[in-house]
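Inspection log for the structure reproduced underneath, given as structure tokens.
Residue numbers (the numbering used here): 452 to 578.
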């Protein structure tokens, strides 16, 4: 997985929103799909954040992949909860790339921390 500035993106809505989502109906789904469906079910279709990585699909990665996708979602949820008094939080996760490869989760969480710190109107210049 490359560590260039566009391999990971973080989007935070100013307020809770109803993100559109289309999910596979296949019996075998990737960890990000499982986590995103859980987030939407728990929040009754409401979310505040989105974290997207490229290079690794986090598919066919079993419980480790689920743990990693939840870590990505939880980290952004923590920031949103601390930075805003709104109780409605929830972060969707999207991953694209190689199937069957584990995420370099430590690197992802470190880069995600940097992205979170820079989430403001100036962050648009990064993308």
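Note that the Cβ used here is the ideal one computed from N, Cα and C, for glycine as well.
From the listed residues 497, 546 and 461, the smallest Cα separation to residue 516 is found for 546. Here residue 512 is buried, its C-beta having at least 16 other C-beta atoms within 10 Å.
The Cβ-Cβ distance between residue 543 and residue 485 does not fall below 8 angstroms.
In this chain, the alpha helix (DSSP H) harbouring residue 486 covers 482–493.
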